[in-house]
Amino acid sequence: MIVLIAALIAVVVFAVVSVIQLLLALGLALGKLAFGGKYERLPTNMRIMSIVAIGIFVLASLSVLERAGIIIIFNNPIFVLVIVWVIAVYLAFNTFLNAMSKSKKEKLIMTPLSLISAICCFIVAIMA
Numbered sequence: 001m002i003v004l005i006a007a008l009i010a011v012v013v014f015a016v017v018s019v020i021q022l023l024l025a026l027g028l029a030l031g032k033l034a035f036g037g038k039y040e041r042l043p044t045n046m047r048i049m050s051i052v053a054i055g056i057f058v059l060a061s062l063s064v065l066e067r068a069g070i071i072i073i074f075n076n077p078i079f080v081l082v083i084v085w086v087i088a089v090y091l092a093f094n095t096f097l098n099a100m101s102k103s104k105k106e107k108l109i110m111t112p113l114s115l116i117s118a119i120c121c122f123i124v125a126i127m128a
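Heads up: the sequence shown is residues 1 to 128, going by this note's numbering.
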């Protein structure tokens with residue numbers, strides 16, 4: 001049951017962050033939430049990075065759901081396990097980077113989201 005809850009929480013957080021990334025890619029003035037908070041509106045190359053991030057969050061969501069036994073997409077347990085571990089470690093590192101950001105908005109909003117999703121991914125990776 002804990003794996004199911006962790007997987008669903010992770011996917012909800014991934015969806016929230018994906019929406020933020022989409023808004024950044026569309027040029028909304030939310031740049032203080034991402035990429036160190038350096039820009040109010042992201043330059044083109046960083047908008048492209050936001051679109052790539054959305055793709056990564058989709059892959060992460062599908063992998064977490066599959067590892068938790070909710071769906072079968074890839075039908076490759078080793079691949080899914082590796083992806084979930086990579087995402088979990090990345091999110092743990094990302095939590096540290098967000099916490100060190102000069103942007104107060106990134107610290108206050110993105111750090112907890114990253115931490116929550118990292119913990120959930122570790123739970124799914126270890127316990128599923």
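Backbone N, C-alpha and C fix where the C-beta goes; we use that ideal spot for every residue, glycine too.
Computed from a predicted structure; not experimentally measured.
Gly31 (DSSP reduced to helix, strand or coil):
helix
Could you check whether Asn94 and Lys107 sit closer than 8 Å to each other, using their CB atoms as the reference points?
no
Considering only C-alpha positions, which residue in the set Met127, Tyr90, Asn76 is nearest to Leu115?
Tyr90
Backbone CA spacing between Gly69 and Ile9 [nearest angstrom]
15 Å
Do the segment 5-25 and the segment 63-77 make contact, defined as three or more Cβ pairs closer than 8 Å?
yes
Where the alpha helix (DSSP H) through Pro43 begins and ends
Segment: none, Pro43 is in no alpha helix (DSSP H) and carries neither H nor E.
Give the secondary structure of Gly69 by DSSP, where H, G and I count as helix, E and B as strand, and everything else as coil.
coil
Can you give me the C-alpha to C-alpha distance between Ala92 and Leu113, rounded to a whole angstrom?
11 Å
For Phe74, which residues in the same chain have their Cβ closer than 8 Å to its Cβ, ignoring the five residues on either side in sequence?
Leu62, Ser63, Glu66, Val80
Helix, strand or coil: which one does DSSP assign to Phe74?
coil
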